[in-house]
Structures are given as C-alpha cells and as structure tokens.
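Participant: In UniProt numbering, the protein residues as written are 9 to 520. Even glycine gets a Cβ: it sits at the ideal position worked out from N, Cα and C. In this text, all values refer to a predicted model and were calculated from it rather than measured experimentally.
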Ligand code: XMP
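#1: What residue from 172, 100, 78, 53 has the CA that sits closest to residue 85's CA?
#2: Give the secondary structure of residue 508 by DSSP, where H, G and I count as helix, E and B as strand, and everything else as coil.
#3: Cutting at 6 angstroms between CB atoms, please list the residues of its own chain near residue 378, excluding the five before and the five after it.
#4: Should residue 332 be labelled buried (16 or more other beta-carbon atoms within 10 Å of its own) or exposed?
#5: Tell me which residues share the same chain as residue 38 and place their Cβ nearer than 6 angstroms to its Cβ, disregarding the 5 neighbours each side in the sequence.
#6: Below 8 angstroms, is the gap between the Cβ of residue 200 and the nearest heavy atom of the ligand XMP?
#7: Residue range of the beta strand (DSSP E) that residue 152 falls in?
#8: Taking the alpha-carbon positions, what's the residue 392 to residue 518 distance?
#9: Who are the Cβ neighbours of residue 271 in its own chain at under 6 angstroms, not counting the five residues just before and after it?
#10: Roughly how many whole angstroms lie between the Cα atoms of residue 116 and residue 20?
#11: Alpha carbon to alpha carbon, how far is residue 113 from residue 150? Give it in angstroms, no decimals.
#12: With a threshold of 8 angstroms (Cβ to nearest heavy atom), would residue 398 be considered close to the ligand XMP?
#13: Identify every residue that forms a DSSP beta bridge with residue 38.
#14: For residue 384 and residue 394, what's the separation of their Cα atoms in angstroms?
#15: Quick check: residue 10 and residue 193, are their CB atoms within less than 9 angstroms of each other?
#16: Just to confirm, are residue 315 and residue 359 a CB contact at a threshold of 9 angstroms?
#17: Please find out if some non-hydrogen atom of the ligand XMP comes closer than 8 angstroms to the beta-carbon of residue 451.
#18: Is the distance from the Cβ of residue 278 to the Cβ of residue 239 below 9 angstroms?
#19: Output the residue ranges of the alpha helix (DSSP H) runs that lie fully inside the stretch 261-307 and measure 4 residues or longer, sorted by chain position.
#20: So what's residue 22 in DSSP terms, helix, strand or just coil?
#21: What does the alpha-carbon distance come out to for the pair residue 53 and residue 419?
#22: Can residue 471 be considered in contact with the ligand XMP, in the sense that its beta carbon sits closer than 8 angstroms to one or more heavy atoms?
#23: Which runs of the beta strand (DSSP E) spanning at least 3 residues fall entirely within the stretch 39-78, listed in chain order?
#24: Assuming residue 23 contacts residue 57 under a Cβ cut-off of 8 angstroms, what Cβ separation, rounded to an integer in Å, is found between them?
#25: Per DSSP, what are the beta-bridge partners of residue 366 in this structure?
#26: For the beta strand (DSSP E) that residue 117 lies in, which residues bound it at each end?
#27: Tell me the rounded alpha-carbon separation between residue 118 and residue 162.
#28: Does residue 436 come out as helix, strand or coil in the three-state DSSP assignment?
#29: Between residue 523 and the ligand XMP, is there a pair consisting of the residue's CB and a ligand heavy atom that are separated by less than 8 angstroms?
#30: Is the distance from the Cβ of residue 136 to the Cβ of residue 164 below 9 angstroms?
#31: Tell me whether residue 170 is buried or exposed, calling it buried when 16 or more other Cβ atoms sit within 10 Å of its Cβ.
#32: Which residue wins for smallest C-alpha separation from residue 177, given the options 245, 88, 460, 457?
#33: Pull up the distance between the alpha-carbon of residue 428 and that of residue 262, whole angstroms please.
#34: Does the separation of the CB atoms of residue 577 and residue 254 fall below 9 angstroms?
#35: Would you mind listing the alpha helix (DSSP H) stretches within the stretch 86-112 that are 4+ residues and don't spill past its ends, in chain order?
#36: If you drop the 5 nearest sequence neighbours on each side, which residues of the same chain put their C-beta closer than 8 angstroms to that of residue 459?
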C-alpha cells in the first residue's frame with residue numbers, strides 16, 4: 009500500500025482519493041505518528057503532503073528519516089517537496105515571489121513521473137499554493153519542470169525514485185494531476201491497481217470490529233444515504249451489537265419513515281427502533297414562525313428523544329455517524345457559520361459527550377459519490393442511493409410562517425405530487441434537489457363556480473455539485489403547468505402555484 013504522510017494540508021484527503029481512483033490502497037498517517045505508521049504499514053511507496061507550516065521554521069514537522077533509506081519511492085508535494093529537500097541536504101528559503109492559484113509549468117526533462125502524460129518542451133496548467141521554495145537541490149536531483157515563480161517546480165532523483173513537485177497534483181485545477189499520481193503508484197512504485205470499493209468495505213468492517221470489540225453500539229438512522237451506509241457497514245461488522253434508532257419527527261416526506269423502516273428491517277434484518285415522536289415535535293413547533301427557533305427546537309428535541317431511547321436500551325459505548333470527508337474539512341476551516349449549524353443537527357451534535365460515547369465514523373475518508381458507490385456495493389437500490397438530499401429539520405423549514413399540522417399535511421401532499429411529476433418526466437436525476445414550499449399567504453381564486461381563498465405553493469428545483477452554490481433548474485413551461493394543475497386539483501388548501509427562479513447565492517436552497 010501507499011503511506012500518505014499528512015503534514016496538515018486541507019487537501020491531503022484528495023491525495024488519498026486520487027490514489028484510490030488509481031485502484032491502490034493508501035493510508036493517511038499524521039506526521040506526529042509517522043514513524044510508528046511507517047513501521048506498521050511497511051508501505052511500497054510514500055507521499056508527503058502539503059502543510060500550513062513553513063519548512064523554513066525551526067521545529068516545523070519532518071518526515072522520519074528512515075523513509076528515505078528504505079529503498080522505496082517517495083513523492084513530495086508542496087511542503088512535502090520542501091521538507092524532502094531540507095532533509096536530504098538541499099536548501100529552502102522563504103519565497104519573495106509567492107505563487108497562489110493557477111500557474112503554468114514548462115517541462116524540461118523526460119521523467120518517469122511524466123511518462124505518457126507530459127512531453128519534454130510542453131507547457132501545462134497546474135495549481136500552486138506556496139510561499140516558500142526550494143533554492144538548492146540535494147545531491148542526485150535534477151529539475152524536470154519549472155514555472156515562473158518556482159524554478160524547482162518539479163524535481164527528481166530517478167535513481168533513488170524520489171520525486172517532488174511544488175504544485176498540487178491532487179486538485180482538479182491541475183488537470184493532469186491524477187495521471188501523474190497514477191504514474192507514481194503504478195509505473196514508479198510498481199503497485200497493481202486492483203483495489204476497489206469492495207476492498208474498502210472489507211477494511212472498514214475490520215476497522216469497526218477492531219474499534220468496538222464487544223461494546224454496545226447505536227446509530228441514529230435518518231433515512232439519508234450517509235447514515236444508511238454507515239449503519240449497514242456497522243451491521244455487517246458487528247451484527248446485533250448494533251441498534252439503530254430512527255426518530256420520526258413528523259416532518260418527513262410522504263411515506264418516508266415507513267419506506268425506510270421496511271427496507272432496513274425486512275431487506276437487511278437490521279435491529280431498528282422506530283420512535284414516533286411526531287406529536288412531541290409538532291406540539292413544540294405549533295405556531296412557531298422563526299426559522300432559527302424551529303431549527304433549534306428540532307435539534308434539542310432530537311437529542312432528548314434519542315437519549316431517552318438509548319437509555320431504554322441500557323446505554324451504549326459507541327455512536328455510529330455518517331460523517332463524510334467534506335464535513336471534516338468544513339469543521340476545520342469554518343467555525344460558527346451556517347455549515348456549523350447544519351452539522352450540529354446532522355451529526356447529532358453534543359450527544360457523544362453527554363452520553364459518554366465514542367464515535368465510529370466509517371465514512372470519514374469518503375466523498376459523497378464514493379459513499380454512493382459503497383452503498384451500491386452493500387446492495388442498496390439505485391432509487392435509494394440517488395435520492396435528493398433532505399435537511400434534518402425536514403418540512404418545518406419549508407413551511408415559512410407559523411407551523412400547523414394542517415399546513416404540514418398540505419405541504420406533504422403537494423411535495424409528493426411534484427416529485428411524482430418530476431420522476432414521470434425523467435428529470436429526477438438531472439436535478440440536485442427539488443421540493444415544494446407552502447407559503448403563509450392566501451390568495452383569491454376561482455374553482456368551478458366558487459371563489460376560493462387558499463394557500464400559495466412555491467416549487468423549487470436546483471442543480472448543484474455540492475450544495476454550496478446552485479442554479480435554479482430550467483424547466484420547460486409545459487412541465488411546470490402540468491405539475492401546478494395536478495397540485496391545485498388534488499391538494500385541498502392550495503389554489504396557486506409559483507416557481508422559484510433564485511440561484512444560490514444570493515438565495516439559499518432551502519427557504520429557511
Ligand atoms: P442551503 O439552504 O443552506 O442548503 O442552501 C444547502 C444544502 O444543505 C441542506 N440543509 C440541511 N441539511 N440539516 C441538514 O442535514 C440542516 O439543518 C440543513 N439545512 C439545509 C439543504 O437541503 C441543501 O441540500
């Protein structure tokens with residue numbers, strides 16, 4: 009396998025991901041425990057990550073020296089290049105010419121790293137982010153590519169199979185980066201690319217077993233893809249040591265709780281407790297119009313209900329969570345913003361400490377699309393895996409103004425019809441997220457011979473890659489007309505439908 013030595017870069021996981029995509033198993037080891045990790049893993053190759061540190065500073069982290077005497081290939085990236093040079097006898101200085109963002113690289117020499125990707129004399133876009141730079145090479149190294157700000161943009165000691173680059177091959181803004189990393193692990197290190205998601209599943213299962221031993225484990229199943237995949241993995245690993253709890257807060261989509269329970273109990277035979285807490289949640293939310301109060305009330309009640317159920321089971325030692333890698337990065341890079349709020353609900357914030365449980369997070373290294381692939385591997389149906397995201401607070405934040413049972417019921421019906429029309433039109437997979445919103449506004453209409461005075465329903469649909477930015481979906485008008493007609497005809501309480509054409513930013517995807 010490949011050992012990725014992490015010096016604390018925000019994008020270290022992307023290196024792991026690219027190596028996985030090349031079909032090679034890798035393990036990330038923080039620099040603090042690098043020596044133990046190296047001895048334990050006995051890797052066939054090592055990649056040194058970037059870092060927020062400066063290699064020039066006294067006391068900045070270093071790679072264990074034995075990595076360089078083990079006879080295996082080493083690739084240094086950014087800070088990894090600098091520390092490699094410093095440790096092998098070269099020189100690094102604080103850069104006068106800082107380089108951030110897009111840069112162009114001139115390939116000066118043939119190299120095993122560039123084989124079949126970059127020819128000598130060609131020029132390529134790469135992504136740079138560095139202040140320091142190498143100014144003198146260690147013995148045995150030569151420059152294989154330069155950029156305007158970095159005369160040592162890529163260097164190699166082909167004999168010892170040491171390579172180092174100042175740019176970041178792991179990010180998408182270095183279009184050929186994945187191929188360079190593939191060259192390193194396949195051609196240079198000679199590792200076969202036969203590692204798959206099936207192998208990840210095996211590893212994750214073994215890791216869960218090793219962590220929890222004979223301990224008791226619980227999981228908050230939401231019905232979303234992440235918690236479902238995490239629960240299934242844990243179930244495969246430890247069977248009935250795991251109990252899942254699904255809190256139905258009465259704010260789910262039509263039939264959602266029923267369908268999720270049916271699938272997990274019947275298909276997977278998973279020990280699952282369904283808690284019908286709708287009255288408690290809706291009782292507490294009745295008449296509430298403030299979006300933040302809604303969110304906080306739901307978060308607080310969720311923890312209360314979950315904790316009560318867990319106590320009935322006699323407590324637990326571990327809590328399984330479907331935390332993904334982007335959640336891990338966000339929790340490092342942003343504090344206090346809206347994303348932090350999202351997480352505190354989504355990740356059952358506060359519970360592990362209150363109940364003195366340790367966390368089991370088998371998806372921590374994965375991105376959403378990899379979790380979907382793992383879900384497929386675990387036999388989850390495509391219709392489930394491809395479902396649109398659904399927020400923890402559910403329909404409560406799609407019902408602006410005071411919440412009532414009646415309004416939630418109207419909204420649930422309208423939403424189901426809207427999604428049914430989207431599926432029938434074959435548009436579901438082209439849309440990132442689509443839902444109905446029930447406005448706290450009544451307007452006059454005429455139906456049959458009578459005057460009506462009923463609610464307005466807004467339809468929302470967006471395209472997005474990660475939910476951070478989004479564009480409204482450009483339907484054709486016939487589709488919108490069809491959906492509106494059905495909603496008005498079939499849902500009592502709505503006599504007008506409008507379409508939301510706001511992108512994010514300036515809007516958010518949800519209305520509250
Ligand atoms: P916004 O509305 O902020 O939403 O543009 C971005 C994405 O996050 C989802 N979302 C949430 N998910 N708990 C969640 O689990 C929440 O409190 C929450 N709020 C928003 C939203 O549906 C969209 O996919």
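Facilitator: So, to answer that:
#1: For residue 85, the nearest C-alpha among the options comes from 172.
#2: Residue 508 falls in the coil class under three-state DSSP.
#3: Same-chain partners within the cutoff: there are none.
#4: Within a 10 Å sphere around the beta-carbon of residue 332 sit 16 or more other beta-carbons, which makes this residue buried.
#5: Only residues of its own chain outside the window of five on either side were considered, and among them 14 have a CB closer than 6 angstroms to the CB of residue 38, listed in chain order.
#6: The answer is no for residue 200.
#7: Note, residue 152: beta strand (DSSP E), 150-155.
#8: Taking the straight line joining both Cα atoms gives about 21 angstroms.
#9: Counting only Cβ-Cβ distances below 6 angstroms, and skipping sequence neighbours, we find nothing.
#10: Their Cα atoms are separated by approximately 27 angstroms.
#11: One alpha carbon belongs to residue 150, the other to residue 113, and they sit about 16 angstroms apart.
#12: The nearest non-hydrogen atom of the ligand XMP is less than 8 angstroms from the C-beta of residue 398.
#13: Answer by DSSP bridge pairing, in chain order: 14.
#14: Looking at the two C-alpha atoms, the distance is approximately 10 angstroms.
#15: Taking 9 angstroms as the cut-off, the Cβ atoms of residue 10 and residue 193 count as close.
#16: Yes, they are a contact pair.
#17: No, the Cβ of residue 451 stays beyond 8 angstroms of every heavy atom of the ligand XMP.
#18: The beta carbons of residue 278 and residue 239 sit closer together than 9 angstroms.
#19: As summarised for the stretch 261-307, the continuous alpha helix (DSSP H) elements at least 4 residues long and confined to that stretch are 264-270, 286-293, given in chain order.
#20: Of the three classes helix, strand and coil, the one that applies to residue 22 here is helix, per DSSP.
#21: If I take the Cα positions, the gap works out to 56 angstroms.
#22: For the ligand XMP, not one heavy atom lies less than 8 angstroms from the Cβ of residue 471.
#23: Listed in chain order, they are 53-56.
#24: For a cut-off of 8 angstroms, the C-beta gap from residue 23 to residue 57 is around 6 angstroms, short enough to register as a contact.
#25: For residue 366, which the question treats as bridged, DSSP gives the partners 326.
#26: DSSP places residue 117 in no beta strand (DSSP E); its state is neither H nor E.
#27: When rounded, the distance between both Cα atoms is 11 angstroms.
#28: Looking at residue 436 - three-state DSSP - the assignment turns out to be helix.
#29: Nothing can be reported for residue 523: it is not among the residues displayed for the chain, which extend from 9 to 520.
#30: Taking 9 angstroms as the cut-off, the Cβ atoms of residue 136 and residue 164 do not count as close.
#31: By the neighbour-count rule (16 or more Cβ atoms within 10 Å), residue 170 is buried.
#32: Each of 245, 88, 460, 457 was checked against the Cα of residue 177, and the nearest Cα belongs to 88.
#33: Counting only the Cα atoms, residue 262 lies some 11 angstroms from residue 428.
#34: Any property of residue 577 remains undetermined from this structure, which presents the chain solely from 9 to 520.
#35: With a minimum length of 4 residues, the unbroken runs of alpha helix (DSSP H) contained wholly in the stretch 86-112 fall at 87-96.
#36: Shown here for residue 459: same chain residues with a beta carbon closer than 8 angstroms to its own, the five before and five after excluded, namely 452, 453 in chain order.
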